[in-house]
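Only one structure is covered here, and it is reproduced in the block below.
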Amino acid sequence: MKNMSIVLKCLNVKGGYELSEAYIDAVSNVSLELRTNEIFGIAGESGCGKSTFIKTIYGYIEPPLILKDGTIELYGRNGKTFNISSLSLGYLRKNVWWKYISYIPQNAMNVLNPTMRIRDHFAEIYKEHMGLKKRDSYTRAQEYIESFGLPNEVLSAFPHQLSGGMRQRVVIALSLLFEPDIVLADEPTSALDVINQRVSLVFLRKAQRKLKNTIVVVSHDMGVQSVLTDRMGIMYAGKIVEIGETQTIFENPLHPYTKMLIKSLPRLGDKTRRVGAKGQPPDLRNPPPGCRFHPRCPYSKPICRKEEPTLLEAEQGHYVSCWLME
Amino acid sequence: MKIPLSLKITLGIIASLLIFAFILPYFAPYDPRRWATVPRDNPPSFTYPFGTTTVGQDLFWLTSYALRNSIILGILTASISVMIAFLLGSLAGFVRGTISRYALTLLIDSFCLIPGLPVLIVLAYSWRKFLSPVLIALILSIFGWAWPSRSVRSLILSLRERSFTYTSILSGFGMMRIFFYEYLPYIIRWLAVSFLGLLNWAIGMETTIAVFGLSTLEEATIGSIIYWALQYQSILRGIWWWVTFPILLLAILIVTLYELSKIISEFTGVK
Amino acid sequence: MRTLKSKRYKIIFHIASRLVFFILTVWIGLTLAFLVSRASPVDPSTMLISRLMSMGGYLRPEEILALKQQILELYGLDKPVYMQYLSFIKGVITGNLGPSFSFFPTPVIELIYKSMSWTILLLGFSTVLSWIIGNVAGVLAAVFSRSKISKMLEWISMSLYPVPYVIFALILFLFFSLVIPLAGGVGGAGMAMPSLSLTYIIGVIKRLSVPSLSIIVLSSASWFLSMKALALSIKKEDFVNYAIIRGLSQKTVTKYVMRNSLLPQITSLALSLGYIFNGALVTEYIFAYPGLGRLLYNAIVGSDYNLMLGILSYSIIGVASAAFILDLIYPLIDPRIRYGG
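Chains as they are written, first to last, in this note's numbering: chain P, 1 to 326; chain D, 1001 to 1271; chain G, 2001 to 2341.
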């Protein structure tokens, strides 16, 4: 039985991009709870607001990104609570980032500094957060790398000397350095080939099972979600439309959009035609009224065009936001 | 289409300078080059807005006349240079063979590195009896083409890399058609920016040669005015206007032309 | 991982290719110099003779003939073109370019040697200083791109950038002559003999100050603009973003940006040397600084064709050498060349 304590609570988070011509409503009234010792997935098409949501959770709010409303609270180990939504970047940088929550950005293969060796990447973080000297950092980094099963020579290499997959694993290892309570992984497998994808996923999951913390995996790839995550949330046009255990969602998807996403996945042995999700996600500068999915929904009713549905518990632990469920 | 304020101001200044240089000379009451037409060494006043020189020239009319020559010379140089640059640079960008590519790159890069001024000075000195604006333009063009050539070469190389070139090749377009339809907007932009840059460079270069005493003696250019002003020790003698007004006008012209090229490149850049 | 051998290969290959470029550039330059010298409507021997005649013509006919013969040999004008070319190249390499026309019979190389060190001093000092100032300011302006100072510096630099060295030198000259008159005047009086005494050194610094100011202000503006643009684009790169995400300090992030933008700026510097050199020449003339620029002007005034050619040849070699030295520094800083992958 999994430990049911909460590690992150998001309440009515509203955020987006303030541009000169318009406001892009990327995260529209999202409420979510993350538990300890789980891998939580956030799925949805590109542009639905997943990456923006991740940034707001992390607290990495820099113009033109703004947080309009809502609270994000992190409940760390040793009882410490951080109200991420109200803390300054400077405070977060010094006290929260990397220690309690870390981030694996998109395109992780290219985030390492080309002019620095891997061991210096480690040394930097050790120095910044723990004040360690270079020599000590190098020793620690060596033990750390070995515990992940990565070869020792990786440390003395420059990023361009390593393969893409290896760089990805280094970035994952870096994110777990201080055993944070939450790790946010933004599309951790998108830039990789299939083989490296699998290696990275296994790598990530093994790490989580060992540390028993929380990992949030943002990915548009439903295949990745099904393999990696314990629970997941489906996002569409800045809104969360369904939350539940991954297996339950795949076996019994309730929201029409979720059904569409799952249907577009190729399945071994299934010879029926793949149907891609029809239409395009809406322009978030001018989202449609009512349920944001109604223009693409094959089951839309008149009320869907007028009023937004709320997120309700359809069955144990399975939430959905759809007028069909009322 | 909204015309930004900066563009309006820039064009306004350039227009005024052009009027000053090309239209005003027709109204000159005397030949500004001739000596002893007006009282010497008069500071700027209502009658002589820019003052007069030690050899008795009205600086106002002289400057307008000289500016015209400097601009024409600059345009000539820029035109010749930009043609050479385009030829050599695009050749360097298109050629396949390793040796020819290396040779062309070497040629372009070495001409960028080699200090042009000493070369131009030796040439101008040898031909000083024959120096006319056209000859000077030709001489300056020996080096003018180098930097623009470099930029068009890298432009072409990056255009070739782009995916739309690949799709064009795949869809059966001939190289010529690719060139015209897809490259042309970029080429035109390069052309405008390079031409203006070359214009500035040429004017600056001519002034530099002139200060060394090697510019054309028959025609007056801004540079030659400065040369004579320095020769007559104008600054030491307190005849500051003889040097100041030409420099001022030239500086305004050059900075404005640069602004124009910046505006053009920003306006056509987003693609 | 990488064997020691392939490490060395990359560096050696880099050095070798730059050396080849250096040699070929000098070759092209000297060939150009040769062509230019022979593309004259008047041949050098006549030039020298008329020059000497105009000095008062104290020469007897036999002396004139002897001199003409000397010049003929010097330029090889009685030999076929390709032999002239070879002896010209040989002359440049061995430093034997014959006598100066205006300071006859002092060898050209001697005059050039004396002035060259002054020019190297001015150029070295100004270029290094302006490169550092411009680049550091540029990185800071990019990191703090929203600050008022950053925008103001950008505005100032954009106004200075297109101004030619000659114009700015003249403006500065006017300024220090009329507005803020400098003690001792711009362009300095005669200098004492070279020695290591304090007075001499102070004298050098005084002479150096205004011309180098002229070059430094303009060059800094140019480096500032290019660096700011470069650093801004680097700032957007993923690895800078990642540094911020990892909670690294502003100082560290700035170092990241700087380290990665300095590399292309070094390449830029190597290529711009020719342009800066041109600027230095005219600046030297305007401020009567005893470098190659003033020597060149004296050569022109003295119709000293031989000296002009000498200055031309050694300018080419000098600038190409400086660029080559810079090219050697590059692999020391770029790990991608040092440790190939």
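Even for Gly, the Cβ is constructed at its ideal location relative to N, Cα and C.
None of these values were measured; they are calculated from a predicted model.
Within 8 Å, strictly: CB atoms of residue i and residue j
| i | j | result |
| --- | --- | --- |
| Ile42 (chain P) | Val218 (chain P) | yes |
| Ile215 (chain P) | Ala173 (chain P) | no |
| Ile182 (chain P) | Leu67 (chain P) | no |
| Leu2332 (chain G) | Phe2224 (chain G) | no |
| Pro282 (chain P) | Ala237 (chain P) | yes |
| Trp1145 (chain D) | Ser1081 (chain D) | yes |
| Asn2260 (chain G) | Phe2101 (chain G) | no |
| Gly1223 (chain D) | Ile1209 (chain D) | yes |
| Ile2329 (chain G) | Ile2245 (chain G) | no |
| Asn2278 (chain G) | Pro1115 (chain D) | yes |
| Lys9 (chain P) | Glu73 (chain P) | yes |
| Gln225 (chain P) | Asn196 (chain P) | no |
| Pro105 (chain P) | Tyr2242 (chain G) | yes |
| Glu242 (chain P) | Tyr319 (chain P) | yes |
| Val1193 (chain D) | Pro2162 (chain G) | no |
Chain G within 8 Å of residue i, Cβ atoms only
| i | result |
| --- | --- |
| Pro1004 (chain D) | no |
| Leu19 (chain P) | no |
| Asn1042 (chain D) | no |
| Phe1195 (chain D) | no |
| Glu128 (chain P) | yes |
| Ser1234 (chain D) | no |
| Asn1200 (chain D) | yes |
| Phe1130 (chain D) | yes |
| Asn83 (chain P) | no |
| Leu1104 (chain D) | no |
| Leu337 (chain P) | Within the shown structure, residues of chain P are numbered from 1 to 326, placing residue 337 (chain P) beyond reach of any answer. |
| Tyr23 (chain P) | no |
| Pro188 (chain P) | no |
Start and end residues, alpha helix (DSSP H) containing residue i
| i | result |
| --- | --- |
| Arg2246 (chain G) | Neither: Arg2246 (chain G) is in no alpha helix (DSSP H) and is coded neither H nor E. |
| Asp2327 (chain G) | Tyr2305 to Ile2333 |
| Thr2199 (chain G) | Leu2198 to Lys2235 |
| Val2166 (chain G) | Tyr2165 to Leu2174 |
| Thr56 (chain P) | Lys50 to Tyr58 |
heavy atom of the ligand MN below 7 Å from residue i C-beta
| i | result |
| --- | --- |
| Val1134 (chain D) | The ligand MN is absent from the structure shown, which contains no ligands of any kind. |
Identity of the residues DSSP links to residue i by a beta bridge
| i | result |
| --- | --- |
| Ser102 (chain P) | P:Val183 |
| Cys1112 (chain D) | Paired residue(s): none; Cys1112 (chain D) is not in a bridge. |
| Gly1144 (chain D) | In DSSP, Gly1144 (chain D) forms no bridge with anything. |
| His318 (chain P) | P:Glu315 |
| Gly1204 (chain D) | Partner(s): none; Gly1204 (chain D) has no beta bridge. |
| Arg231 (chain P) | P:Phe40 and P:Glu245 |
| Glu33 (chain P) | P:Lys9 |
| Thr1052 (chain D) | D:Asp1058 |
| Ile24 (chain P) | P:Tyr17 |
| Tyr236 (chain P) | P:Lys239 |
| Trp97 (chain P) | P:Ile101 |
| Ile399 (chain P) | Here chain P covers residues 1 to 326 and nothing more, so residue 399 (chain P) does not appear. |
Cβ of residue i within 8 Å of any chain D Cβ
| i | result |
| --- | --- |
| Thr2119 (chain G) | no |
| Met2152 (chain G) | no |
| Leu2271 (chain G) | yes |
| Leu2032 (chain G) | yes |
| Met2308 (chain G) | yes |
| Leu2312 (chain G) | yes |
| Ser2177 (chain G) | yes |
Residue-level contact to chain P via CB, residue i, 8 Å cutoff
| i | result |
| --- | --- |
| Pro2331 (chain G) | no |
| Ile2245 (chain G) | yes |
| Asn2260 (chain G) | yes |
Residue i: first and last residue of the uninterrupted beta strand (DSSP E) it sits in
| i | result |
| --- | --- |
| Leu65 (chain P) | Leu65 to Tyr75 |
| Lys14 (chain P) | Ile6 to Glu18 |
| Thr81 (chain P) | Thr81 to Asn83 |
| Val327 (chain P) | Beyond the ends of chain P as shown, which are 1 and 326, falls residue 327 (chain P); an answer cannot be given. |
* Start-end ranges of the alpha helix (DSSP H) lying completely within the region 2035–2121 of chain G, minimum 4 residues -> 2044–2054, 2061–2075 and 2081–2094
* To do: Return the chain-ordered ranges of every alpha helix (DSSP H) run that is complete within the region 122–146 of chain P and spans a minimum of 4 residues.
  => none
* Mind listing, in chain order, the continuous alpha helix (DSSP H) runs of no fewer than 4 residues lying wholly within the region 1060–1112 of chain D? => Counting whole runs of 4 or more residues, the region 1060–1112 of chain D contains no alpha helix (DSSP H) stretch at all.
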